[in-house]
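Residue numbers (the numbering used here), protein chains in the order written: chain S, 2 to 295; chain V, 2 to 295; chain X, 2 to 295; chain A, 2 to 295.
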């Protein structure tokens, strides 16, 4: 079917390729002139698509998505459909749906997983929206998803797609941290001669076999001691939102929170919390303090 | 090859079957008369095996394993080989190896993963011991392991096998808790209409695809709301030992620890810690206390 | 000075008494007819006070405070001053100040600590607002605060008072949980014959001496085994907001979060997270599940 | 009474002064020649004391204490009393008591809190041992403890003193981390103009008033931004042992553990756990990794 893709970065660009390979006619737009875009403006994109239009928004969550949707609400006609495939917070989806709905424009949110591997292997898609919109856009989902039975779910009404993606990423944080803790314990022990080969061996028969384990094995092949990689990791919001929501919902999430704290902590060079602890130790015990990280 | 199996429970019994299907001649012994054992005593088992003997111990860690190995040290000859395939703490392996070594008896420790699925799919094996013992017993490992390239690792000297198994289980705890937290957040939300189908969809394309996810989907097929399963889970030592060791090694393990605390907590009906917190709230704020769990 | 008190519950009622004992003329209002109120409506309260008026709002945070402030904005005149002494989230203070400011009405937020002990010992007051409002209301603060040099701080502009109170309560949660964990460990050990007397002994010379320790000793005098108190504790928002804010600010708060999770967890009888963990153990290991909490 | 003090460092040296001021006759010994010792060998110390002798061991836990007690077991006579006032793990106390008991030598363990403030304000003493030994040494305890009703407890048999001290320090870790987290949140906020004055204000009327808060205020007076103190803090075993024991006892200690992890983490410059997390992010998402901490 005909679809417009807004945002031709790593994710959007790869999705355009997979969609075209699947027989869809995609018109691509990006703010950047050197993005390989087919049209040079949102209005040009809208004009290039047959009615009722389908537009997939694949730009950074927050201001960029807000702005794009606001602009689209000016350009589109009743019956057109906007899909937000980014990492928007689900409460913002509900707001976007309301804004567009005032003009009769349809809205769906799609959590998209698969990273740089998605183009070849397909993307796991978690969809929020109503049934008729889901049916309408199903051919696109069928192309983007992996080839097996899984990889696509209509999780609920608008917001459900990104809610589920938020949870997915929270689980991902916990799993990554669990692998990290285990690997660190093998690396720190004199007994284990080959932590990388241990991980490789776990790929069959073990309880922890998983795609993340496969990726760890792959990373260790490139760089057996991870010597080229610093011990700091960013967090990009989803797990944070999950913990914040969990707190309000009374669902304790100690592992997700600990994973997040570990990442945030890895980015602090001289944490104030520990300055206080060191200062207190010095006050009551005369324990030496470090005057600088050395 | 010829091998004696000591312990014919869920794990040992299944391994005997897999070994026999693989062409090995296995003599099985268990304390229980109704276990389908081939001989009715350890000495009978020792007599039934050709020299140099190979004995695989698959009994509960702790006293049962200690006792079995002590008895074997009396019965075996120099050059015989004892393999502990249970969940022994690795420091105990080192002690066992020393005890047996005084009489020239060889020792290996093998962490074994795969649970009830191992008989059919093979067991992931993590081996500690010296190179020549590893070579000697390799045909047995080749039969027990899964059929692919992975699933077997010689991780290091005696103790390394169970050390690595300890780490494996610690990672497993973290992954399970991460899945539990995510599932609980989907179940608690009005937005997500079908947490079970979401999990199913993640089996392809998602970052969290894993054997544990597959098992969760399977459990949800049996019991979609997990209504027949109480929210309490035991812990069986490995993750606990890992956290205790990590503390001594200065490797912070917040996720593994949180997973463990969650399990221990799930078994407390009226935790004293929270009695104190409730008592304090009552003291300073006049906040009502609950006089019973209701 | 003249002041109107809105809300005559445990906190507001006690504060009225302390203010009157300090020589202030207080007019009290509460929605409840049996509250001992001096006037039976907000408009009656406004009429009973000389201009420029000072009104202290001491009602539950959220809808009750929102409604009260909205109503006051209709009744008051430019130059009047509204003080929110409750546990409002600081972002709501900023909104309230803006709403009232449109009509020239002044606003301050005051975090108030001291619980049921405040009437006799004084309240710790943490104030947000501008300097001239702080000076204007200082006589009231001087009466409410404890008699020593401490107990009152002008922490910053509007919002700062409740922000600081939020932090105060977060610290309080961590301290309470620390005491609870320690006490539970003494109670669980055969070695310690008298956990209550240990706590009493710590009141002098120890590093952990604190008002919360004093209160614990007091609670243990009433009920040496805390047998009359169930192991469940509510949380009332402040620590939760602190953790949520900390996540957005990149300040890891593992102890505050753990304290909060412990409370939320204490209120769950059959946590879904642990159902998932138990289901997974059953799936891979054939481990028995509990079909009910027993 | 007559007492020998072994170890004249910060703690032992101060205790000698407080004991002498209290009228006791103390003979001091230390390995270091420039320690101001009264005798230059353990045997000299033993000779200098009247029978039955009382010896207070105040040397670092572990090898130093083990060695001292082993040597004393050779030098002392039946009826002599050895007191370990250091931070020994309570299980080692039980071993020491047994070793000395074979020769009829008595043993007590005393957890000692108060740090550099103890000389002037007294030490909180937590005692393990039997009743008659406690009575015998009571005059020494009465001098060392603070002047009020609290500060001394006979907690149980041998081991109980250091068990209780272990718990005391665990609580201390949690409280310190709670204060650190709260302070960091005030320092990170634009709203709070004066975190140091806020802490000062909390010293009266607040729920968090405590000696640790007093010390924090003191530290902030010296160095308002804690600019001279690095954000790293050591841990010295007690909280670690408490968490390890709690794991075995099934008492979840999330706050104590989190406090400990925060300290251990503060000493890692490039944690392997986070290298793994960063490597995984790079693998699935193409997220940039940091090649060095910068």
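Ideal Cβ positions, reconstructed from N, Cα and C, are used throughout, including at glycine. For clarity, every value in this text was computed on a predicted model and none was experimentally measured.
Neighbourhood of residue 241(A) in chain V, by CB distance below 8 Å: 248, 249, in chain order. Between residue 256(A) and residue 185(A), the C-beta spacing is not below 9 Å. Per DSSP, the unbroken beta strand (DSSP E) holding residue 114(V) starts and ends at 107-114.
When the five nearest sequence neighbours on each side are left out, no beta carbon in the same chain lies closer than 7 Å to the beta carbon of residue 190(S). Annotation: residue 125(S) is outside any alpha helix (DSSP H); the continuous beta strand (DSSP E) that includes it extends over 125-129. Proximity of residue 107(S) to chain V, defined by a Cβ-Cβ separation below 9 Å, is not satisfied. Under the Cβ criterion of 9 Å, residue 283(A) is not counted among the residues facing chain V. In this structure residue 258(X) is buried. Its beta-carbon is surrounded by 16 or more other beta-carbon atoms within 10 angstroms. About 12 Å separates the beta carbons of residue 87(V) and residue 109(V), which is beyond the 8 Å limit, so they are not a contact pair. Along the length of the segment 154-238 of chain A, whole alpha helix (DSSP H) runs at least 4 residues long occupy 161-188, 196-202, 212-223, reported in chain order. Residues of the segment 252-277 of chain S with a Cβ closer than 9 Å to any Cβ of chain A, in chain order: 255, 259, 260, 262, 263, 264, 266, 267, 269, 270, 271, 272, 273, 274, 275, 276, 277. Proximity of chain A to residue 232(X) at the Cβ level (cut-off 8 Å) is not reached, the minimal Cβ distance being about 12 Å.
At least one CB of chain A lies nearer than 9 Å to the CB of residue 188(S). By the criterion of a C-beta distance shorter than 6 Å, residue 3(A) is surrounded in its chain by 26, 50, 51, once the five residues flanking it on both sides are discounted. Around residue 134(V), the same chain offers 82, 107, 109 as residues with beta carbons nearer than 7 Å, after the five sequence neighbours per side are excluded.
Note that the C-beta distance between residue 115(V) and residue 183(S) is not below 9 Å.
Counting C-beta atoms within 10 angstroms of its own C-beta, residue 23(A) has fewer than 16 neighbours from the protein chains shown and is therefore classed as exposed. For residue 26(A), the uninterrupted beta strand (DSSP E) segment begins and ends at 26-30. The criterion of a C-beta distance shorter than 9 Å is satisfied by residue 111(A) and residue 129(A).
For residue 134(A), the uninterrupted alpha helix (DSSP H) run begins and ends at 132-145, by DSSP. Within the segment 3-64 of chain V, the complete beta strand (DSSP E) segments at least 3 residues long are 3-7, 26-30, 55-58, listed from N- to C-terminus. Using a Cβ-Cβ cut-off of 9 Å, residue 20(S) does not count as an interface residue toward chain V, since no Cβ of chain V sits closer than that to its own. In the three-state reduction of the DSSP assignment, residue 85(A) falls in the strand class, which pools E and B. The count of Cβ pairs closer than 8 Å, one atom from the segment 209-223 of chain X and one from the segment 3-15 of chain X, stays below three, leaving the stretches out of contact.
CA-to-CA, the gap between residue 230(S) and residue 32(S) works out to about 32 Å. Among the residues of chain X, those whose CB is under 8 Å from the CB of residue 217(V) are 277, 280, 281, 284, following chain order.
Of the candidates 242(A), 125(A), 66(A), 275(A), 125(A) places its Cα closest to the Cα of residue 146(A).
Spatial neighbours of residue 164(X) in its own chain (CB-CB distance under 6 Å, excluding positions within 5 residues in sequence) are listed in chain order as 91.
In this structure, residue 168(A) lies near residue 187(X), with their beta-carbon atoms less than 9 Å apart.
With 16 or more other Cβ atoms inside 10 Å of its own Cβ, residue 284(A) counts as buried. Of all C-beta pairs linking the segment 68-82 of chain S to the segment 35-46 of chain S, three or more are shorter than 8 Å, placing the two stretches in contact. Shown here for residue 153(V): same chain residues with a beta carbon closer than 6 Å to its own, the five before and five after excluded, namely 126, 142, 146 in chain order. Distance from residue 275(X) to residue 234(V) at the Cβ level is roughly 5 Å; contact confirmed, criterion being Cβ atoms closer than 8 Å.
In chain V, no part has a C-beta under 8 Å from the C-beta of residue 133(S); the shortest such distance is about 16 Å. A direct Cα-to-Cα measurement between residue 175(V) and residue 84(A) gives close to 44 Å. Taking each of 208(X), 149(X), 269(X) in turn and checking the Cα distance to residue 118(A), the smallest one comes out for 208(X).
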